[in-house]
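In the numbering used here, the protein residues as written are 5 to 159.
Laid out in structure tokens, this is it:
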């Protein structure tokens, strides 16, 4: 996912402030994800679960990223696509609902790890992070298609 982000930054970075902001927030989310998941180069020094505060900080970033997409970025992209022809509009109308499907995974993860009261929930963290990682990867691929439209039509 980080390699794909680097490609997106190289391709679209610096061309539009909305794109730059969006990619910067994605980077923060991915770095934090890698830290929580213990993915190189953020491997834990000892075999232990991440601190609850670190998990909750990740959940905050995740919810901020998902919310920003739904309530700011996608609306602006869809509005811009409506102004630039039927093909752009259809693409946006097709992508946004597919992106929304990945939101459920983020919401479920957030609910589970910000409201848990039992440490036994933490033993499911690796599996849940893996599932969330797949959903995030799908989301980023779909968002990149929106970024391409935004870059092409508005940069």
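Just so you know, even glycine gets a beta-carbon here, dropped at the ideal spot from N, CA and C.
Cβ-based burial, residue i [other Cβ within 10 Å; buried from 16]
i: residue 147; result: buried
i: residue 58; result: exposed
i: residue 37; result: buried
i: residue 2; result: Outside the displayed range of the chain (5 to 159) lies residue 2, so it cannot be described from this structure.
i: residue 81; result: buried
i: residue 18; result: exposed
Where the alpha helix (DSSP H) through residue i begins and ends
i: residue 122; result: Unbroken run through residue 122: none, as it is neither H nor E.
i: residue 25; result: 21-41
i: residue 5; result: Note, residue 5: premise wrong, no alpha helix (DSSP H); not H, not E.
i: residue 113; result: 90-118
i: residue 65; result: 56-72
Residue i Cβ short of 8 Å to the ligand SAM heavy atom set
i: residue 101; result: Annotation note on the ligand SAM: not contained in the displayed structure, which lists no ligands.
Whether residue i touches residue j by CB criterion (9 Å)
i: residue 107; j: residue 153; result: no
i: residue 99; j: residue 149; result: yes
i: residue 56; j: residue 9; result: no
i: residue 151; j: residue 27; result: yes
i: residue 116; j: residue 128; result: yes
i: residue 105; j: residue 5; result: no
i: residue 73; j: residue 43; result: no
i: residue 21; j: residue 63; result: no
Tell me whether the segment 106-117 and the segment 127-139 touch, counting them as touching only if at least three CB pairs, one residue from each stretch, are closer than 8 Å. Verdict: yes, contact present.
Any contact of the segment 32-39 with the segment 63-83, i.e. 3+ C-beta pairs under 8 Å? yes
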